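Step one of this worksheet: look at the structure below.
Residue numbers (our numbering): 378 to 519.
Below, the structure written as structure tokens:
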């Protein structure tokens, strides 16, 4: 396996990645990583915090495992204990936004790779959170 340990999916960490259907398996592993990256990005989004002050950037699992986690540490945390990044307390400022965002993150990093969202579904959920349709922003009409 190649990749950054911190962002490896549970099935990559425990060696159970289905190489028979490797294209789908790797796509779903990427969705797990996407969930972690989205958590990092949204953790820096000041609009999610009541005081509009977000904490300094940190990667997923930094508090729990430090800057250089080992394969065994990640396997224990992610595979055996099924832990995921913690929810920032201040995100509950907007309950509906919070609920949709958190459900999307949880569905991206589901322990069962077959239960994870597709990347397209994650995109659709996130686009539905925007006050202005993304296609209008991209077209420059707004």
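In this text, a Cβ means the ideal position worked out from N, Cα and C, and glycines have one as well.
All figures in this text were calculated on a predicted structure; none of them were measured in a lab.
| Query | Result |
| --- | --- |
| Counting along the chain, where does the alpha helix (DSSP H) carrying residue 505 start and finish? | 496-506 |
| Between the alpha carbons of residue 477 and residue 465, how many angstroms are there, rounded? | 15 Å |
| Please state the DSSP three-state secondary structure of residue 389. | helix |
| Give every residue of the same chain whose Cβ lies closer than 6 Å to the Cβ of residue 472, excluding the five residues on either side of it in the sequence, and list them in chain order. | none |
| Helix, strand or coil: how does DSSP classify residue 481 here? | helix |
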